[in-house]
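Asks: Residue numbers (the numbering used here), protein chains in the order written: chain A, 166 to 550; chain B, 166 to 550.
Glycine included, each C-beta is placed from N, C-alpha and C at the ideal position.
Since the model is a prediction, treat every value here as computed from it, not as a measurement.
1) Residue 357(A) and residue 430(A) - do their beta-carbons sit closer together than 8 angstroms?
2) Rounded to a whole number of angstroms, what is the C-alpha to C-alpha distance between residue 442(A) and residue 500(B)?
3) Using a Cβ-Cβ cutoff of less than 7 angstroms, which residues in the same chain neighbour residue 481(B) once the five nearest sequence positions on both sides are dropped?
4) Is the CB-CB distance between residue 314(A) and residue 382(A) below 8 angstroms?
5) 8 angstroms is my cut-off, CB to CB: does residue 496(A) come that close to chain B?
6) Mind pulling the chain B residues with CB within less than 9 angstroms of residue 429(A)?
7) Residues of chain A with a CB under 7 angstroms from the CB of residue 447(B): which are they?
8) Whose CA, out of 293(B), 218(B) and 323(B), lies closest to the CA of residue 552(B)?
9) Kindly list, in the order they appear in chain B, the residues whose Cβ is closer than 8 angstroms to that of residue 434(A).
10) Please report how far the alpha carbon of residue 286(A) lies from the alpha carbon of residue 260(B), in whole angstroms.
11) Taking the alpha carbon of residue 529(B) as the reference point, which residue from 349(B), 334(B), 478(B) and 265(B) has its own alpha carbon closest?
12) Within 8 angstroms, do at least three Cβ pairs link the region 489-497 of chain A to the region 442-454 of chain A?
13) If you follow the alpha helix (DSSP H) that residue 529(A) is in, where does it begin and where does it stop?
14) Where residue 180(B) and residue 174(B) are concerned, what is the direct C-alpha to C-alpha distance, given to the nearest angstrom?
15) Cβ closer than 8 angstroms: which chain B residues qualify as neighbours of residue 455(A)?
16) Considering Cα atoms alone, identify which of 536(B), 391(B), 456(B) and 321(B) is closest to residue 486(B).
17) Under DSSP, the beta strand (DSSP E) around residue 401(B) begins and ends at which residues?
18) Which whole-angstrom value is the C-beta distance of residue 269(A) and residue 242(A), which I expect to be below 8 angstroms?
19) Under DSSP, the alpha helix (DSSP H) around residue 455(B) begins and ends at which residues?
20) Please list the terminal residues of the continuous alpha helix (DSSP H) segment that includes residue 386(A).
21) Let's test the definition: count the other Cβ atoms within 10 Å of the Cβ of residue 463(A) and tell me whether it reaches 16, buried, or not, exposed.
22) With 7 angstroms as the limit, tell me which residues of the region 381-409 of chain B have their beta carbon closer than that to any beta carbon of chain D; keep them in chain order.
23) Distance cutoff 8 angstroms, beta carbons only. Does residue 364(A) sit that close to anything in chain B?
24) From the beta carbon of residue 569(A), is the nearest beta carbon of chain B less than 8 angstroms away?
25) Against chain A, does residue 463(B) count as a neighbour if the rule is that its beta carbon must be under 8 angstroms from one of theirs?
26) Between residue 230(B) and residue 208(B), which are expected to be in contact by the criterion C-beta below 8 angstroms, what is the C-beta distance as a whole number of angstroms?
27) Would you mind reading off the limits of the beta strand (DSSP E) that contains residue 430(A)?
28) Please compile the residues from chain B whose C-beta is within a distance smaller than 8 angstroms of the C-beta of residue 561(A).
29) Could you check which residue in 437(B), 446(B), 415(B) and 435(B) has the C-alpha nearest to that of residue 437(A)?
30) Just list the residues that DSSP pairs residue 200(A) with in beta bridges.
31) At a CB-CB cut-off below 8 angstroms, which residues of chain B make contact with residue 193(A)?
32) Distance, Cα to Cα, residue 289(B) vs residue 295(B)?
33) First and last residue of the beta strand (DSSP E) that includes residue 308(A)?
34) Please go through the same chain and pick out, in chain order, the residues whose beta-carbon is closer than 8 angstroms to the beta-carbon of residue 387(A), but skip the five residues on each side of it.
35) Nearest to residue 490(A) by alpha carbon, out of 212(A), 435(A) and 374(A)?
36) Between residue 418(A) and residue 422(B), which are expected to be in contact by the criterion C-beta below 8 angstroms, what is the C-beta distance as a whole number of angstroms?
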C-alpha cells in the first residue's frame, strides 16, 4: 500500500490522480491533500479518500473548513502550514501546484518522499540549477508527469544517452496556432482557453498558446536529462498523440505515444516500473489517425525564443521571465490587459534584467518578487480595464 | 575489421550493403559475394571490393566469369558451390537471397557466422519452426533487416516483453492500395511495380501490393520475438516512415521511425550495438511531415488473411502458400496470368492442402516442390499468354 501526498488536489492534475486512486484502493492510499482555496471540493475529497492530513494555503478558507473536518484529520494552513505539510513522509508525492509556490514544498518534500511525481515545472524552470547535482547523482527520484517530459523519461530508460543526437518535444500549439498576427491582437480570454486537445488549468492553457510552456519544457528536459539546449527542438503536432521523440546518431527515431489524457502519465508515475492503467477507455487507436508535424512559426510566436534565450543565459533570467509571465497572465485572465501585452511584459523583463548569480531559494524569491513588481509597474501603463 | 559475406550482392539489398562498406572500409571488408546470375555487376563488385570468395548460382554464368576472375578469388558455383560458400566463417552474413533458395544457405551459414543479418524472410516463413528453439535460447544471433522487423528488434531491446500488449506492423499498402476491386482486375505489371515509397526487388514489390509480404512479416515477428499471432496487428501507413509500434499494457505506445531507405536498417545490423550511419542525406525531418494511419481493407486484400490463417495452422501450410505465391508472381511478371490470378493461386493451394508435420529441410523442400507443381497445373488453366 503506497501512501500518496497530493500537492494541489483540486486542480486538474490532482483530480485525475484521485481518479486513479479511486480505481485502485488496494495499492494506494491518500496520506494528505493540499489545496489553495477550493474547500468545497476538498471537503468532498476528504469524505471519499480519508486523508490523515490536509493543508489549505488560504488561511481564511482554512478557518471555514475547520468545523466540518472529521476528528481524525489534521489541518495545516497558511505558509507555515505548507511547510509542515511538506515535512510529511510519503511513498509518492504528486507536486501539482501552479507557479512558483511549488518551489518551497518541493525543496522540503523531496527529502521526505520516496518518489516525486513532478508536474510543477517551475521547480525546474526557476530552480533547476539548485537540484542539478542531486538529479545527476540520482540521489532523488523524480518522475516527470507532464506528457512530453514523461515521454522522454520513458524513452531515455531505453537508450544509451551517448547515442542520442537530438530530442524533439511536440507542441499542440495551443488555441491560437493558426491565428495571424492581426488576429492575435484581438484575442479574448475565451479564445485562449479553448485548447484543442488538452483540458488543463488556466495558466498552462495560456502558456500553451504563447509557447512559453514549451520553452519551459525545454528547460525541464535540460535539467532532468542533462541535455544541451542546442540538441532540443520543438515541433508542432496538432493532435497531441505523439509526445516526444529521440533521434539517434544513426538517424533512427523513437517516439512515445498516448491519447492526450493526463491520467496516463500520472498513472505511469504511480506504477513505474510496472505498467498498469486502472482506468478504461483510454485506448490509442490507429483507425484513420492522421498525425501532422510542422515547424514552429517563430516570428509569430516570439516568446518561445525569448524563453529559450533566458534558459541559455540561466541564473536569474528564467526566474524573472517566469514571474513576468505569471503576472501578465493574471492580468490578462482578469481582462485588464490584451493578449499581446503578455508578450510585451515578458520582452520588457527580459530586456531590462541583468544576469546575477542565483545560489539559493532566497535568491530565487528575491528575483521573483523584483520581477513581479517591475512587471506590474510596466503593465499599469497598458491597462485597458 | 569485420569480415562480411553477402548472399545476394547484386540485388537491391546487396547493393545497399556494399554502399555502406564503401563508406567504411576501416571497419568492414568483403569476404565473399554470392549472386544468382548477374555476373556483369558481380565483376564490378569484385574489382571494387576484392572478395576472396565468390559464388555464382547459375552454372552457365559461372563459366563465363571464370576467365575474368583475378587469381586470388576463389569461385564457387551451382548447388554444391552454394553449400561450400555457405560453410565460410564470417563476422556478419547478410542473407538477402530471394525466395526459398535462402533456406539451405541460412541453415548452413547460421552455424558459421557470428551475426546473421536476415533479409530473406522465407527462412522464417517456411522454416520458422525449425529454428524456434535456437532463437529462444539466444544460441544464434539474428538481426532482422526488413524495416518493420528491424524496428521491432530495436523496440524489443527497450522494454520488458511481458508488459507488451500488442504489436503493430505498418504497411505502405504497396502500389495498389487505393484500387477498387474492379480496377484490380485490370492491373498491369507496371502498375504493380510502381511502389510509392520503397525501391525494392520485384517479388517483394508484388508481395507488398497483395499484402502477402505483410502476412509474412507477421510470421517473422511471431518466430523472432515469440509473440502470439493474436497480438500482432497490421496498420496501413502510406508514408513508410513509421515502421512498427509496441503498445504497452498501460496504453502507451513506442514507435520506431526512419526515412524509407534500406541503408538505415542494413547499417543498424552492421554496427549494432553501436549506432552509426556512414552515409549522409538520410535525415528524418519533421518539417511539414504528415503521417497517416488506416485500417487494412481486408475484403479487398484477402491474401493477408489467407497468409495469416496458414501461419496459425503452421507446419506445411505456410510452405505451400509461399510456393504458390512465388510461382504465381513469376507467371504474372512474365505476363502469363492476370494480377488477380495470384489471389486465386494462393486460395487454391490453401484450400487444397491438408496439414502435415514438418520436421526437416527435406520436408520443407518436399512441400515446396509439391505446391509448385500443383500451382503450375492450376495456373495453366488460366493462362492469358
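Replies: Based on what the coordinates show:
1) no
2) 54 angstroms
3) 518, 520, 521, 523 and 532
4) yes
5) no
6) 415, 416 and 417
7) 416
8) The structure shown does not extend to residue 552(B), since chain B is modelled only from 166 through 550, so no value can be given for it.
9) Residues of chain B passing the Cβ test: none, with the nearest at roughly 11 angstroms.
10) 50 angstroms
11) 265(B)
12) no
13) 526-545
14) 6 angstroms
15) 455, 456, 457 and 458
16) 536(B)
17) 397-401
18) Rounded, the Cβ-Cβ distance is 15 angstroms, inconsistent with contact.
19) Run containing residue 455(B): none in the alpha helix (DSSP H); it sits in the beta strand (DSSP E), 454-458.
20) 377-390
21) exposed
22) No chain D is present in this structure, whose protein chains are A and B.
23) no
24) Residue 569(A) lies beyond the residue range present for chain A, which begins at 166 and ends at 550; the question has no answer from this structure.
25) no
26) 6 angstroms
27) No beta strand (DSSP E) contains residue 430(A), which is instead part of the alpha helix (DSSP H) from 428-436.
28) There is no way to answer for residue 561(A), as the model of chain A reaches only from 166 to 550.
29) 415(B)
30) 221(A)
31) Simply none; closest approach about 15 angstroms.
32) 9 angstroms
33) 307-309
34) 293, 393, 394, 397 and 476
35) 374(A)
36) 4 angstroms
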